[in-house]
Amino acid sequence: MVIMMNDFFNPMYIKRAWCIFETYVCLSKGLPMTVIVPPGAQADVARKLDNGAGLADVQKKFFAIDSKHARATKPEDAQLIQDLIEQIVGFEAVNQQVKVELLRCLT
31 MVIMMNDFFN
41 PMYIKRAWCI
51 FETYVCLSKG
61 LPMTVIVPPG
71 AQADVARKLD
81 NGAGLADVQK
91 KFFAIDSKHA
101 RATKPEDAQL
111 IQDLIEQIVG
121 FEAVNQQVKV
131 ELLRCLT
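As structure tokens, then:
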């Protein structure tokens with residue numbers, strides 16, 4: 031699975047219900063996962079890290095992954111995904127697995 035992260039400091043990916051759920055499913059099936067980012071985002075994080083800031087900000091964003099309150103274009107899609115998560119394993123388990131793996135891929 032390829033994950034396109036729009037940036038590190040305000041990543042839309044970790045706010046989207048489908049994205050979080052897809053990442054969880056990929057992990058639960060043991061499938062390979064790669065995170066890619068646009069060149070501008072790579073340059074931005076490199077610049078901030080060079081200035082002694084940034085890593086804590088990135089980690090803070092990813093620690094805040096919240097599948098229970100993640101959004102979808104259609105609210106009914108978000109509810110369907112949240113119901114699946116609740117039935118399968120629970121929000122905390124999904125949040126934990128996804129944030130750990132995404133942070134591993136980014137560092």
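Following the working numbering, the numbering of the sequence shown begins with 31 at its first residue and continues without gaps. Ideal Cβ positions, reconstructed from N, Cα and C, are used throughout, including at glycine. Nothing here was measured: the structure is a model prediction, and the numbers come from that model.
In this structure A47 does not touch D113 by the C-beta definition: roughly 11 Å separates them, more than the 8 Å allowed. The C-alpha of F92 lies about 24 Å from the C-alpha of Q117. According to DSSP, residue pairing for I33 in a beta bridge involves V65. Taking C-beta atoms as the reference points, V130 and Y54 fail to come closer than 9 Å. Here the alpha carbons of E52 and P69 stand approximately 24 Å from one another. I50 is positioned such that its CB atom lies closer than 9 Å to that of A100. Between M31 and Y43 the beta-carbon gap is near 12 Å, outside 8 Å, which marks them as no contact.
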